[in-house]
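Numbering (the numbering used here), first residue to last: 76 to 298.
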């Protein structure tokens with residue numbers, strides 16, 4: 076039996092009518108924004124299930140845009156997130172997919188274009204109580220909740236790279252709470268998701284990138 080906290084019952088401190096359709100949606104987009112390597116200039120949200128049917132009435136659209144802008148669930152600017160997006164030069168669009176049924180009902184695919192020319196594709200699910208999971212990142216199945224300070228490391232699936240990553244974490248006294256490795260196929264592209272018990276100094280990124288097997292690394296603060 077899974078433990079249930081009080082916040083799973085009453086929901087988070089938030090702006091909006093629905094913990095799943097507003098706060099959870101914002102959490103997905105907030106995490107997506109933290110994975111960007113430079114300023115986000117364009118984002119496309121593809122909405123599935125109940126997200127696609129009710130996103131305007133529940134403020135899911137405003138929450139998603141606010142999350143990309145870095146707002147938190149209780150930020151009053153969410154109400155005017157479209158205006159803030161315009162000020163920030165963020166181009167955004169929504170696509171309703173009401174055809175696919177074999178999918179979590181509160182699912183969104185996010186396609187991000189950054190100022191430096193890089194792109195990100197991910198899929199997120201709002202799982203209730205304002206909580207969310209990133210289920211897919213650039214074509215690889217993962218699990219990222221944002222509940223902990225997290226290192227997201229994109230690397231080649233080669234011998235020794237995991238040992239290098241954990242050694243670097245140990246060298247700066249990071250205590251790993253959870254670590255999971257996801258790969259597309261043996262010897263192919265992979266992601267290590269490392270959740271730790273304390274804030275992560277961004278300087279770790281440059282050390283990690285010294286290993287030629289590591290393609291990219293990002294610090295995602297807890298939300």
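Beta carbons are placed, not taken as given, at the ideal position from N, Cα and C, and that holds for glycine.
Quick caveat: nothing in here was measured; it's all calculated off a predicted structure.
Handout entry: Beta carbon of residue 172 nearer than 9 Å to that of residue 100
Key = Cβ atoms of residue 172 and residue 100: not closer than 9 Å.
Exercise for the section: Could you pull out every residue in the same chain whose Cβ sits closer than 8 Å to the Cβ of residue 223, ignoring the five residues on either side in sequence? Expected result: 252, 253, 270, 271, 272, 297, listed in sequence order.
Handout entry: Start-to-end residues for the alpha helix (DSSP H) that takes in residue 223
Key = Careful: residue 223 lies outside any alpha helix (DSSP H) and carries neither H nor E.
Practice task
For residue 229, collect the residues of the same chain with a Cβ closer than 6 Å to its Cβ; drop the 5 residues on either side in sequence, then sort them by chain order.
Solution key: In the same chain as residue 229, and ignoring 5 residues on each side of it, the C-beta atoms closer than 6 Å to its own belong to 266, 290, 291, in chain order.
Exercise for the section: Quick one: measure Cβ to Cβ for residue 184 and residue 97, integer angstroms, because I've assumed they're closer than 8 Å. Expected result: Contact between residue 184 and residue 97 does not hold, since their C-beta atoms are separated by about 18 Å, which reaches or exceeds 8 Å.
Exercise for the section: Can you tell me which of 129, 261, 237, 192 puts its alpha carbon nearest to the alpha carbon of residue 180? Expected result: It is 129 whose Cα lies nearest to the Cα of residue 180.
Problem - Residue environment, residue 158, which counts as buried when at least 16 other CB atoms sit within 10 Å - result: The residue in question, residue 158, is exposed, as its Cβ has fewer than 16 Cβ neighbours within 10 Å.
Exercise for the section: Using the Cα positions of residue 160 and residue 115, report the straight-line distance between them to the nearest angstrom. Expected result: Between residue 160 and residue 115, the C-alpha separation is close to 11 Å.
Handout entry: Cut-off 6 Å between Cβ atoms - residues of its own chain near residue 109, not counting five sequence neighbours on either side
Key = If you ignore the 5 residues before and after residue 109, its C-beta comes within less than 6 Å of the C-beta of 295, all in its own chain and listed in chain order.
Practice task
Have a look at residue 195 and residue 213 and give me their C-alpha separation to the nearest angstrom.
Solution key: Cα-Cα distance, rounded: 6 Å.
Exercise for the section: Could you tell me whether the Cβ atoms of residue 231 and residue 264 are closer together than 9 Å? Expected result: A Cβ-Cβ contact shorter than 9 Å links residue 231 with residue 264.
Problem - Cβ shell of residue 119 (< 6 Å), same chain only, five flanking positions each side left out - result: Only 168, 186 meet the Cβ criterion.
Exercise for the section: Would you mind working out which of 216, 176, 281 sits nearest residue 255, comparing C-alpha positions? Expected result: That would be 216, whose Cα lies nearest to the Cα of residue 255.
Handout entry: Rounded distance between the beta-carbons of residue 197 and residue 107, thought under 8 Å
Key = With 8 Å as the limit, residue 107 and residue 197 qualify as a contact, their Cβ atoms being about 6 Å apart.
Exercise for the section: Round the Cβ separation of residue 190 and residue 113 to the nearest angstrom and send it over; I've been treating them as touching at under 8 Å. Expected result: Taking 8 Å as the upper bound for CB-CB distance, residue 190 and residue 113 are in contact here, some 5 Å apart.
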